[in-house]
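K.L.:
Residue numbers (my numbering): 21 to 331.
The C-beta atom is built at its ideal place from N, Cα and C for all residues, glycine as well.
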Amino acid sequence: MKGCSPVKLRQLEFFVRSVETGSFTLAADSMRVSQPTLGQQIRALEDEIGMKLLERGARGVKPTAAGQVLLVNAKDILSRVENAAAAMAALRAEARAKIRFGFPPTPGRLLVPELMVQLDESHGIQLQPHSALTDDLIALVIGGAIDAALCYDLDVAHGLDEVALVEEPLFLVGAPSIVKPNDGDIPFRDLSSFPLVLDGQTWSTRQRIDEIARQHDVRLNVSFEAEAIELRRELMRLRRRCTVVPIGAFFNAITAGELAARRIVDPEVSRTLHLVTRRDLDADMRSMILEALRVIVAGKVTDAQYAWREV
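1. How do the segment 261-279 and the segment 121-138 stand: do at least 3 beta-carbon pairs fall below 8 Å, yes or no?
2. Taking 7 Å as the limit between beta carbons, can you name the residues of its chain near residue 171, skipping five residues before and five after?
3. Kindly indicate which three-state DSSP category residue 206 falls into: helix, strand or coil?
4. Threshold first: 4 residues or longer. Then list the alpha helix (DSSP H) segments lying entirely within the segment 125-158, N to C.
5. What's the gap between the Cα of residue 88 and the Cα of residue 64?
6. For residue 282, tell me which candidate among 255, 198, 292, 250 has the shortest Cα-Cα distance.
7. By alpha-carbon positions, which one of 49, 94, 288, 45 ends up nearest to residue 209?
8. Tell me where the alpha helix (DSSP H) around residue 300 begins and ends.
9. Pick out the complete alpha helix (DSSP H) segments inside the segment 252-277, 4 residues or longer, and give them in chain order.
10. Does the Cβ of residue 140 have 16 or more other Cβ atoms within 10 Å, making it buried, or fewer, making it exposed?
11. Taking the CB atoms as reference points, tell me whether residue 284 and residue 264 lie closer together than 8 Å.
12. Classify residue 23 as buried or exposed, calling it buried when 16 or more other Cβ atoms lie within 10 Å of its own Cβ.
13. How would you call residue 231, buried or exposed, if buried means at least 16 neighbouring beta carbons within 10 angstroms?
14. Apart from the five residues just before and just after residue 29, which ones in its own chain have a Cβ nearer than 6 Å to its Cβ?
15. Report the residue from 44, 216, 71 whose alpha carbon sits nearest the alpha carbon of residue 59.
16. Would you kindly report the start and end of the unbroken alpha helix (DSSP H) that includes residue 67?
17. Comparing C-alpha positions only, which one of 165, 51, 42 sits nearest to residue 78?
18. Taking buried to mean at least 16 other C-beta atoms within 10 Å of its own C-beta, is residue 278 buried or exposed?
19. At the level of alpha carbons, what is the spacing between residue 328 and residue 97?
20. I need the DSSP call for residue 34, collapsed to helix, strand or coil.
21. Taking 8 Å as the limit between beta carbons, can you name the residues of its chain near residue 40, skipping five residues before and five after?
22. In whole angstroms, what is the alpha-carbon distance linking residue 52 and residue 75?
23. If you check the beta carbons only, do residue 317 and residue 185 fall under 8 Å apart?
24. Counting pairs of Cβ atoms below 8 Å between the segment 103-112 and the segment 248-262, do you hit three or more?
And the structure:
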């Protein structure tokens, strides 16, 4: 080679495109440069190599003998560069931080979609979602099957890191004709008048409700036990039962007028949602998840749709 400057990939791209199109004009248009710019780059390439590469004739642009040799090698070089770029992109995708993240159904619907988008867009963190109930989620975090989870009212003696995020008051929810929402808040003692579908007795929310009932000498009429929200909803519809849940569990149905809700008072019944993480989870990762959750929760509290309170 005559010159001192190395051949540039862009020059090879101009050269290959000129041969493929058979026209400097078409090549310049496809490369989104002016024809004089393309011509200058081709001449610079020829000067660097020290041989004429292209000839312009009545039938357009054609490679010389030297140009034909360069064409084969240039295509190979550009293909290798493209393959290398694709391999690096795939490697970057694999290297994205992945967090195995668990959640109960209701916060899974109200918080997790926004959390997934925010962490991906702001930090390149990919959440791998896992839906389950609180007791199961705690076991999964302890066992190392997931890295973090949203959990309700837990025993911190499990040896996990936890931060309280939001407090959810509970409501009596059922058909409007049964619940009579225009009557306003409902005293806890009046729950005895309603046939209920509640969680099983081993679940923390049910235990809290039962404890308050014992303290206030209230006998609850629990017709069915069901943890799954959709199953509970069907039992409410088929057997005209009510349930005790955060309003967010049936928010769409309540907004549509299919169900109604009354806040439970005297005393209020509430539960607290926590972020729970393994203690060996990277501290920066934990901070990013917690920060994103707090922003989302603050927005929901401000909206006041779910009667949430920050803690």
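P.N.:
Reading it off the structure:
1. Contact between the segment 261-279 and the segment 121-138 is present: three or more C-beta pairs spanning the two stretches fall below 8 Å.
2. 154, 157, 158, 294, 296
3. Residue state, collapsed to three classes: strand.
4. 125-130, 132-143
5. If you draw a straight line from the Cα of residue 88 to the Cα of residue 64, it is about 18 Å long.
6. 198
7. 288
8. First-last for residue 300: undefined, no H or E at that position.
9. 271-275
10. exposed
11. yes
12. Low local confidence applies: a pLDDT of 47 at residue 23 is under 50, so the model's placement there is unreliable, with the coordinate-based value given in what follows. Counting Cβ neighbours within 10 Å, residue 23 comes out exposed, since fewer than 16 surround it.
13. By the 10 Å Cβ count, residue 231 comes out exposed.
14. none
15. 44
16. 55-69
17. 42
18. exposed
19. 60 Å
20. helix
21. Closer than 8 Å at the Cβ level, and outside the excluded window around residue 40, lie 47.
22. 22 Å
23. With a cutoff of 8 Å on beta-carbon distance, residue 317 and residue 185 are scored as near each other.
24. No, the segment 103-112 is not in contact with the segment 248-262.
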